[in-house]
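Have a look at the structure below, then the notes.
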Amino acid sequence: MLKIIRQFDWQRGAFALKSFVAAILALYIAMRLNLSQPSWAVTTVYIVSQPFAGMVLAKSFYRILGTLIGAAASLGLVALFCNTPELFCLALAAWIGLGTFITIYLRDEPRAYVGMLAGYSAAIIGLAAALSPDNAFAIAVERCLEITIGIACATLFHHVVVPQRAGDAMLKALDAALPAMARWAGDSLKGESDSAKGLRDRRGIIASVVTLDAQRVFAVLDTPALRRVDPMIRRFEGMLMSLLARLISVYDRFAILEQHRPDIADDLRPLLARAASHIHATAQARSVDAAEQEAAGQSRLEAEITARMPPAEQLTTHPDALLVRSILLALNQVLSMWRDAVSTRVRLFLGSPVAPDQPTPSFHPYRDVALAAIGAALTMVAVLLSASFWILSSWPNGETAVIFAAIVCAVMAARDNAVAASTSYLRWGMVGAAIAALYLFVVLPPLSTFPALVLALAPFYLVCGLLLSRPATASIPMPILFVGGALIGLSNSMSYDFSAFLNNTSGYAVGIGIAAATLALLRPLGADWTIRRQMRGIDRDLAQVAACGAMTRTAFESRMFDRLNALLMRLDPVSARERALLRSALGRLRIGINILGLHNLKPALPAAAQHAVATALAALAGRFATPLQGADGEAALAMVAASRARIFALGSSSDLIRAGEALYRIEATLRPSDPTTPQSAAPLQAATDPAHP
1042 MLKIIRQFDW QRGAFALKSF VAAILALYIA MRLNLSQPSW AVTTVYIVSQ
1092 PFAGMVLAKS FYRILGTLIG AAASLGLVAL FCNTPELFCL ALAAWIGLGT
1142 FITIYLRDEP RAYVGMLAGY SAAIIGLAAA LSPDNAFAIA VERCLEITIG
1192 IACATLFHHV VVPQRAGDAM LKALDAALPA MARWAGDSLK GESDSAKGLR
1242 DRRGIIASVV TLDAQRVFAV LDTPALRRVD PMIRRFEGML MSLLARLISV
1292 YDRFAILEQH RPDIADDLRP LLARAASHIH ATAQARSVDA AEQEAAGQSR
1342 LEAEITARMP PAEQLTTHPD ALLVRSILLA LNQVLSMWRD AVSTRVRLFL
1392 GSPVAPDQPT PSFHPYRDVA LAAIGAALTM VAVLLSASFW ILSSWPNGET
1442 AVIFAAIVCA VMAARDNAVA ASTSYLRWGM VGAAIAALYL FVVLPPLSTF
1492 PALVLALAPF YLVCGLLLSR PATASIPMPI LFVGGALIGL SNSMSYDFSA
1542 FLNNTSGYAV GIGIAAATLA LLRPLGADWT IRRQMRGIDR DLAQVAACGA
1592 MTRTAFESRM FDRLNALLMR LDPVSARERA LLRSALGRLR IGINILGLHN
1642 LKPALPAAAQ HAVATALAAL AGRFATPLQG ADGEAALAMV AASRARIFAL
1692 GSSSDLIRAG EALYRIEATL RPSDPTTPQS AAPLQAATDP AHP
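Residue numbers for the sequence shown follow this note's numbering, beginning at 1042 and rising by one.
Structure follows, in structure tokens:
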């Protein structure tokens, strides 16, 4: 606790104070308008409050949109099924399930919030309206007003009063991206990273690159100056992803060379060290002159790399020549991409727009339809179970159980350990209930003025605001605020009925408990299940790319890095087993890039080479479409090797060499053994055998 307290600074204190003042303003307005549940306005302030103003704007907009959609849906359901409770609950469960599906499918995008809000807003508004159909429209209007007031107050204070802008954080992240990558590149190229440390460094770099796009979405909302250079930012993000992929390729290929041919690796190491020094020396370039100096240094290194490139005739006689050539080619691409990235960053900070002919790629995150469908089904089951209990027991507070079963499942269904998360939600919700009891029966009854109410509420809401300001503790205050705030039920006509309080508390406990039980019984799946799904998703993407190549390189890289980031957050590089999974996933990134390269090269190849490439791609598509084992996997690998041998036998033109090298890199990545062993070299030697077809 002391460690947590020491981490609070003035910015977190300002966040807590702004949130509290916004909540008090929302409460005052809702009371002046004599709304029935002003506490919803207060809770809404904390729901939409985020560290950065752009996040508040995005969340506020989508919360209002989701609330309006949910209100319209609830009125439609009441109009259709108010006389048949069973059908009403079934339709409501289906609607909330659809909202959960959209939320999980869109994942971390701001618009994903629309699905969640449209779902449980329909429950909050619709259940109350179904119990009083004649007042359905008035109830919907009041709930929308309460929520809108809370959103407006939160947006006002976080955007105007000492705003913390996502644009400022974005600029810092952009400025730090190249130096961070330079440090990792230096450690990797100089061979100064052990295996576990290298993978940990990759995890940090990949996470920072992937989160740049999320920061960009919010930054353009609260920092208008960044909107003009938004295409340049997206271009820079694409460069970082391509650069990272090439650095990983050099790192892994050189590790293989060090293991099996240390003499050749020692001969290449000074060149790699000079490249690392060049990258490190130019990582802080801020001006056009500095960028030009970088280009000059890069040209000298490129000339040296070209001079050391193994000649084409050695590729069929020396098995290690292909490995050396792939390292040097990848290093050359790294230097070229680094030059472009440095130049782009300089232009970005100078505010230069993207030229009309330059691509501005967009981030393409992965989508998990199966997980979204599972989450939707679980939410429907929890809602139907709680609704059935409500109807069969004729429990007056059963609607509260239905609402919170829907909320908890919608929020927790996508978590790795949904059971633990929902159990934690129940535990902290009961803490909120205890705090509410203290306020209702000890603190609030003697008070008779609004200033006194503000002073009484300050400790509770300020502490919750402080906890909400830190990502590590942000999950604690939300159930406390949801349950505690609702049980306090701030309004112009307070009720201090202890039996009603217990009944309301049991409604929250039962609803959250039903959600937790549903998740425990029907989704007893943890991080291992998510890891397996991510690996299968990577293989499906590779199968799709190998089969038709219908994906740009930027789209493939961004989707792969998104999946890799999800894996890296769940795997520990210290564990040998999990380290192997990481290497396998990173290897598939390189395989996909080479497959895309083959698709691009294929039209320029002679007919026989096109047939060989098509055969290899078909084998790879079959291998990744289903998890092949043993002889089947080796057969696909042998087909790739045979296709490479046939291509090298056709001649030594640049296109043929590039195609053969791409197949070799795929083969070397799929075969964890020494790529220079006789087993791997046999197809190379066969290519020079006149009897070979």
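Ideal Cβ placement from N, Cα and C applies to all residues, glycine included.
Assuming contact is defined by CB atoms lying nearer than 9 angstroms, are residue i and residue j in contact in what I supplied?
{"i": "Phe1277", "j": "Ala1207", "result": "no"}
{"i": "Ala1657", "j": "Arg1685", "result": "yes"}
{"i": "Ile1188", "j": "Ala1114", "result": "no"}
{"i": "Gly1590", "j": "His1652", "result": "no"}
{"i": "Asp1361", "j": "Ile1305", "result": "yes"}
{"i": "Arg1631", "j": "Leu1412", "result": "no"}
{"i": "Val1155", "j": "Tyr1087", "result": "no"}
{"i": "Ala1179", "j": "Val1119", "result": "no"}
{"i": "Leu1509", "j": "Phe1056", "result": "yes"}
{"i": "Phe1445", "j": "Ile1553", "result": "yes"}
{"i": "Leu1098", "j": "Thr1252", "result": "no"}
{"i": "Gly1439", "j": "Ala1477", "result": "no"}
{"i": "Tyr1537", "j": "Pro1492", "result": "no"}
{"i": "Ser1463", "j": "Ala1316", "result": "no"}
By alpha-carbon positions, which one of the options ends up nearest to residue i?
{"i": "Gly1506", "options": "Leu1066, Thr1593, Ser1090 and Ala1120", "result": "Ser1090"}
{"i": "Arg1564", "options": "Val1375, Val1365, Ala1423 and Thr1252", "result": "Ala1423"}
{"i": "Pro1437", "options": "Cys1130, Asn1545 and Phe1129", "result": "Asn1545"}
{"i": "Glu1598", "options": "Phe1056, Gly1054, Leu1284 and Ala1159", "result": "Leu1284"}
{"i": "Gly1416", "options": "Met1378, Asn1458, Trp1431 and Glu1675", "result": "Asn1458"}
{"i": "Arg1604", "options": "Ala1587, Ser1625 and Ser1616", "result": "Ser1625"}
{"i": "Leu1736", "options": "Pro1265, Glu1127 and Ile1180", "result": "There is no way to answer for residue 1736, as the model of the chain reaches only from 1042 to 1734."}
{"i": "Ala1214", "options": "Arg1073, Leu1363, Ala1248 and Glu1345", "result": "Ala1248"}
{"i": "Gly1473", "options": "Ala1462, Met1519 and Leu1485", "result": "Met1519"}
{"i": "Ile1555", "options": "Leu1197, Thr1441, Pro1079 and Glu1183", "result": "Thr1441"}
{"i": "Ile1346", "options": "Ser1328, Thr1323 and Arg1310", "result": "Arg1310"}
{"i": "Ser1737", "options": "Gly1548, Leu1479 and Asp1409", "result": "With the chain covering only 1042 through 1734, there is no way to say anything about residue 1737."}
{"i": "Leu1583", "options": "Phe1542, Gly1663, Ile1572 and Arg1618", "result": "Gly1663"}
{"i": "Ser1173", "options": "Ile1572, Cys1123 and Arg1152", "result": "Cys1123"}
{"i": "Cys1185", "options": "Ile1110, His1301, Leu1058 and Arg1341", "result": "Ile1110"}
{"i": "Ser1694", "options": "Val1410, Ile1636, Pro1352 and Ser1463", "result": "Pro1352"}
{"i": "Leu1562", "options": "Ala1499, Val1182, Thr1464 and Val1460", "result": "Val1460"}
{"i": "Gly1245", "options": "Ala1223, Ala1260, Leu1389 and Phe1259", "result": "Ala1223"}
{"i": "His1301", "options": "Val1258, Leu1364 and Gly1279", "result": "Leu1364"}
{"i": "Arg1706", "options": "Ile1297, Leu1076, Glu1127 and Met1157", "result": "Ile1297"}
{"i": "Tyr1407", "options": "Ala1709, Gln1052, Ile1145 and Arg1386", "result": "Ile1145"}
Apart from the five residues just before and just after residue i, which ones in its own chain have a Cβ nearer than 8 angstroms to its Cβ?
{"i": "Ala1414", "result": "Phe1142"}
{"i": "Pro1220", "result": "Ala1324 and Gln1325"}
Starting from the C-beta of residue i, find all residues in its chain whose C-beta is less than 6 angstroms away, skip the five residues before and the five after it, and write them out in chain order.
{"i": "Ser1714", "result": "Unreliable positioning characterises Ser1714 in this predicted model, as indicated by a pLDDT of 47, which lies under 50. A coordinate reading is not provided."}
{"i": "Arg1148", "result": "none"}
{"i": "Phe1295", "result": "Ile1368"}
{"i": "Ile1070", "result": "Ile1190"}
{"i": "Met1680", "result": "Ala1660"}
{"i": "Ala1428", "result": "Cys1130 and Val1443"}
{"i": "Thr1125", "result": "none"}
{"i": "Leu1313", "result": "Leu1230"}
{"i": "Met1471", "result": "none"}
{"i": "Asp1613", "result": "Glu1619"}
{"i": "Gly1633", "result": "Leu1583, Val1586 and Phe1597"}
{"i": "Asp1216", "result": "none"}
Might you give, ordered along the chain, the residues of its own chain that have their beta carbon closer than 7 angstroms to the beta carbon of residue i, omitting 5 neighbours on each side?
{"i": "Leu1210", "result": "Sequence check: residue 1210 is Ala here, not Leu. Same-chain partners within the cutoff: Phe1093 and Gln1256."}
{"i": "Val1654", "result": "Leu1639, Lys1643, Leu1646, Ser1684 and Ala1700"}
{"i": "Gly1167", "result": "Ser1115, Leu1118, Val1119 and Leu1133"}
{"i": "Ala1650", "result": "Ile1688, Leu1691, Leu1697 and Ala1700"}
Starting from residue i, trace the alpha helix (DSSP H) in both directions and tell me its first and last residue.
{"i": "Trp1051", "result": "Trp1051 to Arg1073"}
{"i": "Ser1735", "result": "What is shown of the chain runs 1042 to 1734, which leaves residue 1735 out entirely."}
{"i": "Phe1542", "result": "Phe1539 to Leu1563"}
{"i": "Phe1129", "result": "Pro1126 to Leu1147"}
{"i": "Phe1597", "result": "Arg1594 to Leu1609"}
{"i": "Tyr1087", "result": "Ser1080 to Val1089"}
{"i": "Asp1569", "result": "Ala1568 to Cys1589"}
{"i": "Thr1464", "result": "Ala1459 to Leu1479"}
* For the stretch 1496 to 1533, list the alpha helix (DSSP H) runs that are entirely contained and at least 4 residues long, ordered along the chain. => 1526 to 1529
* In the stretch 1258 to 1291, which residue ranges form an unbroken alpha helix (DSSP H) of at least 4 residues, counting only runs that do not cross its ends? -> 1266 to 1269
* Asked: At which residue ranges does the stretch 1362 to 1450 contain complete beta strand (DSSP E) runs of 3 or more residues, listed in the order of the chain?
  -> none
* Asked: What beta strand (DSSP E) runs, 3 residues minimum, are completely inside the stretch 1150 to 1195?
  -> none
* Asked: What runs of the alpha helix (DSSP H), each 4 residues or longer, lie entirely inside the stretch 1634 to 1708?
  -> 1648 to 1666 and 1671 to 1690
* Which parts of the stretch 1294 to 1339 are runs of the alpha helix (DSSP H), unbroken and 4 residues or longer, counting only runs that do not cross its ends? -> 1303 to 1323
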